[in-house]
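Residue numbering for the sequence shown follows the working numbering, beginning at 2 and increasing consecutively.
Virtual Cβ for every residue (Gly too), placed ideally from N, Cα, C.
Source: prediction; values computed, not measured.
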Amino acid sequence: MVVFRKTDSLARTPLFAVLRRAAALARMARRPGAGPLDELTDRALPFTRRGVLGAGAGLAIAAPKRSMARSDSRVAIIGCGIAGLVVADRLVAAGLRHVTLHEANQRIGGRMLSGRGVVGEGSLVELGGSFINSDHADILALAHRFQLPLEDGTANTLEPTFFADGAARSLTEIAAASQGLLAHLERVKALPKPRQDALSAAGVMDAADVSGWMRRLLDLGLTQEMGLEPDRMSALYLINSFTGRQMGQNGLFGSDQRYQIAGGNDRLPAALASGLSARISLGQRLVALRPEGRAYRAIFAGGQEVVADIIVLALPLTVLRGVELGVPLPPLTRRAIAQTSYGSNAKLFAGVSARPWRARGQSGECLNDLGYQTVWEDHAKPGEGPGALTIFAGGRLGLGFRNGSSLERARAATLSLEPALAGAATGFTGLATRMHWPSNPYVGGSYTCFAPGQYEGFSGAFAPAGRVFFAGEHASETSSGYMNGGAESGRITAEAIQRALG
Ligand SMILES: Cc1cc2nc3c(=O)[nH]c(=O)nc-3n(C[C@H](O)[C@H](O)[C@H](O)COP(=O)(O)OP(=O)(O)OC[C@H]3O[C@@H](n4cnc5c(N)ncnc54)[C@H](O)[C@@H]3O)c2cc1C
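The structure is reproduced here in structure tokens:
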């Protein structure tokens with residue numbers, strides 16, 4: 002079966018969503034009879050606000066059900082991120098008795114990890130995945146099932162800041178400066194998908210002659226959002242972020258809602274794992290997978306082994322490429338495992354004693370060309386009191402977040418932010434920490450950022466091979482790179498296993 006990857010049209014960071022709104026605004030302004038840009042901007046600014054417990058989109062995903070006719074098959078799931086946990090949850094609920102999970106780390110959750118109190122008493126930051134989109138149905142369904150309340154990250158009336166070339170840039174200015182690019186993107190979009198994919202995002206912006214501060218904002222926005230510089234990413238990320246059905250339908254006024262799980266996103270993998278704890282072995286790092294008659298033998302560092310009829314590989318490709326895979330796999334699968342590009346996003350966290358920008362109408366979200374790409378307040382509290390800044394970067398800057406001490410880095414970052422977010426440096430409490438995913442041995446990157454040609458070229462690469470199944474954000478055809486991609490791929494993999502056993 003040929004599966005066509007649905008290219009992402011959603012935003013991972015709040016700032017990127019606003020950039021997308023600016024693009025939608027520019028599209029609206031081109032329609033006959035549209036008012037001037039600044040009038041449209043005024044209408045565009047308010048988000049709709051909803052406080053929810055498991056938003057509507059998630060309710061479409063059914064909870065797992067008992068259905069398994071043959072429940073004696075042995076299933077070994079490698080990796081206890083959201084993807085592996087969802088596979089196990091569904092298979093156990095379906096009646097499979099011999100499901101085991103094998104995790105290299107000493108904790109479950111993978112890239113869903115919350116930091117509590119790490120930069121000040123009561124502070125809460127997300128070390129990995131932060132934002133859940135309103136149509137991330139699998140994650141929302143899980144949050145609903147485990148009764149984890151959601152915070153609406155957009156539930157404030159304050160504005161994000163875009164700062165480039167020495168000045169703050171308004172949504173109206175950004176929309177006006179986007180016009181040429183958007184017209185060009187519509188032309189590129191008419192090309193067959195593989196030809197769009199063969200281009201880089203930078204190449205498309207060059208051809209559209211995007212330059213000056215607008216180009217810098219787009220370069221920074223894409224790098225922090227997708228994880229690599231625009232010359233290293235498929236143009237489809239750019240094309241689908243700023244054009245497309247979703248934007249056409251929802252335009253400015255149905256803009257993405259953003260959620261975080263109250264108390265920390267990692268409450269979700271913890272809730273899943275609580276029903277599976279007897280099946281989970283920590284500290285088991287897969288090093289080899291070999292055939293064993295009609296079954297498979299998984300070998301872990303240190304010599305432990307498990308033999309299973311079904312194997313689920315739910316670990317990042319960056320790590321999987323170091324595993325000896327002695328089982329038959331199609332050439333496309335091997336190529337995708339070896340070559341899929343990952344972003345190099347990292348996060349730096351700084352405690353602040355006050356947030357004076359809020360009194361000036363700034364939310365604290367700031368995309369800037371001052372040296373540190375992006376900043377925002379995770380799990381933002383109302384008011385102007387103490388808080389925590391998340392400083393987030395991809396590409397070469399993200400890689401470099403490893404150098405120096407967190408304190409030096411955070412001091413330099415808050416100082417550099419002053420022109421755009423006055424009060425960041427004076428409010429810095431001296432409490433800082435970081436999470437450098439590119440050097441994390443269990444991940445070795447942030448999330449998939451397909452290089453030119455890979456988005457379409459590797460579509461379908463993670464179909465089951467014999468009784469080896471693949472799960473993880475990289476395997477998601479609709480939301481690769483997202484927590485939802487992990488959860489969705491886990492659900493689809495569990496369904497495929499049930500069919501295979503049915
Ligand atoms: C900095 C950053 C920011 C992000 N922001 C967002 C966001 O705002 N919104 C969003 O939706 N998503 C975001 N994501 C992406 C999201 O967190 C991931 O896509 C998702 O959590 C991946 O889940 P997974 O189960 O596929 O993989 P993982 O969570 O990586 O799970 C894989 C598991 O396999 C284990 N493992 C690794 N090697 C082995 C081995 N050899 N043997 C056994 N086990 C092994 C790992 O320890 C891990 O537990 C972000 C990610 C990062 C890093």
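#1: Mind checking L283: buried by the 16 CB within 10 Å criterion, or exposed?
#2: State yes or no: is the C-beta of Y260 within less than 9 Å of the C-beta of D136?
#3: How long is the line joining the alpha carbons of F366 and I109, rounded to whole angstroms?
#4: Please classify G130 as buried or exposed, where buried requires at least 16 neighbouring CB atoms within 10 angstroms.
#5: Can you pull the DSSP bridge partners for F471?
#6: Per DSSP, K281 forms a beta bridge with which residues?
#7: Determine contact between the region 359-375 and the region 328-343, defined as no fewer than three beta-carbon pairs at a distance below 8 Å.
#8: Which one of Y483, A488, I493, A426 has the shortest CA to CA distance from F470?
#9: Taking Cβ to Cβ, would you say G461 is nearer than 9 Å to A414?
#10: Could you have a look at G486 and say whether DSSP puts it in helix, strand or coil?
#11: Can you grab the Cα-Cα spacing for the pair R117 / R268, in whole Å?
#12: Closer than 8 Å: is that where the CB of Y238 sits relative to any heavy atom of ligand 1?
#13: In three-state terms, what does DSSP make of Y343?
#14: Would you check whether ligand 1 has a heavy atom nearer than 8 Å to the C-beta of S316?
#15: For V53, which residues in the same chain have their Cβ closer than 6 Å to its Cβ, ignoring the five residues on either side in sequence?
#16: Locate the alpha helix (DSSP H) running through D153, then write down its first and last residues.
#17: With DSSP collapsed to three states, give me the class of L253.
#18: Given a threshold of 16 other Cβ atoms within 10 Å of its Cβ, counted over all protein chains shown, does T319 qualify as buried or as exposed?
#19: Using 8 Å as the threshold, is the region 442-461 in touch with the region 410-424, meaning 3 or more CB pairs across them?
#20: Nearest by alpha-carbon distance to G467: which of A309, K194, L149 is it?
#21: Just the Cα atoms here: how many angstroms apart are V88 and L400?
#22: Evaluate P195 with the Cβ neighbour count: other Cβ atoms within 10 Å of its Cβ, from every protein chain shown; 16 or more gives buried, anything less gives exposed.
#23: I'd like to confirm something about H380: is its beta-carbon nearer than 8 Å to some heavy atom of ligand 1, or not?
#24: What's the gap between the Cα of P292 and the Cα of I498?
#25: In chain order, which continuous runs of the beta strand (DSSP E) of length 3 or greater are located wholly inside the region 421-454?
#26: With which residues is C367 paired in a DSSP beta bridge?
#27: Looking at ligand 1, does it come within less than 8 Å of W438, judged from the CB to the closest heavy atom?
With the structure as the only source:
#1: Position 282 of the sequence shown holds residue 283. L283 comes out exposed.
#2: Start at 1 with the first residue of the sequence shown, and residue 260 comes out as number 259. Start at 1 with the first residue of the sequence shown, and residue 136 comes out as number 135. It is not a contact, given that the beta carbons lie outside the stated cut-off.
#3: Locating residue 366 in the sequence shown gives position 365, counting from the first residue. Locating residue 109 in the sequence shown gives position 108, counting from the first residue. It should be noted that the sequence gives Glu, not Phe, for residue 366. Answer to the nearest angstrom: the Cα atoms are 30 Å apart.
#4: Position 129 of the sequence shown, counting from 1, holds the residue named residue 130. Buried is the call here.
#5: Mapped onto the sequence shown, residue 471 falls at position 470. Partner(s): L314.
#6: The residue you call residue 281 lines up with position 280 of the sequence shown. The residue asked about is misnamed: residue 281 is Ile in this sequence, not Lys. Paired residues: L102.
#7: no
#8: To locate residue 470, count along the sequence shown from 1; it is residue 469. The candidate whose alpha carbon is nearest that of F470 is I493.
#9: Numbered from 1 along the sequence shown, position 460 holds the residue referred to as residue 461. Numbered from 1 along the sequence shown, position 413 holds the residue referred to as residue 414. Result no, Cβ atoms of G461 and A414 do not sit closer than 9 Å.
#10: Reading the sequence shown from its first residue, position 485 is the one you call residue 486. Three-state DSSP puts G486 in a helix.
#11: Here residue 117 refers to the residue found at position 116 when the sequence shown is read from its first residue. Here residue 268 refers to the residue found at position 267 when the sequence shown is read from its first residue. Computed Cα separation, rounded: 12 Å.
#12: Residue numbering aside, residue 238 sits at position 237 when the sequence shown is read from its first letter. No - ligand 1 has no heavy atom lying nearer than 8 Å to the Cβ of Y238.
#13: Along the sequence shown, read from residue 1 onward, the residue named residue 343 stands at position 342. Looking at Y343 - three-state DSSP - the assignment turns out to be strand.
#14: The count along the sequence shown starts at 1 and reaches residue 316 at position 315. Looking at the sequence provided, one finds Leu at residue 316 rather than Ser. Yes, ligand 1 has a heavy atom inside 8 Å of this Cβ.
#15: Translated into positions along the sequence shown, residue 53 becomes position 52. Per-residue confidence for V53 stands at a pLDDT of 38, beneath the threshold of 50, marking its modelled position as unreliable; no derived number is given.
#16: By 1-based counting over the sequence shown, the position of residue 153 is 152. Looking at the DSSP string, D153 is not in any alpha helix (DSSP H); the run it does join, the beta strand (DSSP E), is 151-153.
#17: On the sequence shown, position 252 is the one that residue 253 refers to. For L253, the predicted structure reports a pLDDT of 34, less than 50, and the residue's modelled location is therefore unreliable. The matter cannot be settled from this model.
#18: By 1-based counting over the sequence shown, the position of residue 319 is 318. The residue is buried, with at least 16 neighbouring Cβ atoms inside 10 Å.
#19: no
#20: Working through the sequence shown from its first residue, we reach residue 467 at position 466. Of the listed residues, the one whose Cα sits closest to G467 is A309.
#21: As a first step, residue 88 is located in the sequence shown; it is residue number 87 there, counting from the start. As a first step, residue 400 is located in the sequence shown; it is residue number 399 there, counting from the start. Near 32 Å, if we compare the C-alpha coordinates of L400 and V88.
#22: For the purposes of this step, residue 195 is taken as residue 194 along the sequence shown, with counting starting at 1. With fewer than 16 Cβ atoms within 10 Å of its Cβ, P195 is classed as exposed.
#23: As a position in the sequence shown, residue 380 is number 379, starting the count at 1. Result no, Cβ not under 8 Å from ligand 1.
#24: Start at 1 with the first residue of the sequence shown, and residue 292 comes out as number 291. Start at 1 with the first residue of the sequence shown, and residue 498 comes out as number 497. Cα to Cα, the separation comes out at about 18 Å.
#25: 429-436
#26: Translated into the one-based positions of the sequence shown, residue 367 becomes position 366. DSSP, once it has assigned bridges, lists T162, V376 as partnering C367.
#27: Here residue 438 refers to the residue found at position 437 when the sequence shown is read from its first residue. The answer is yes for W438.
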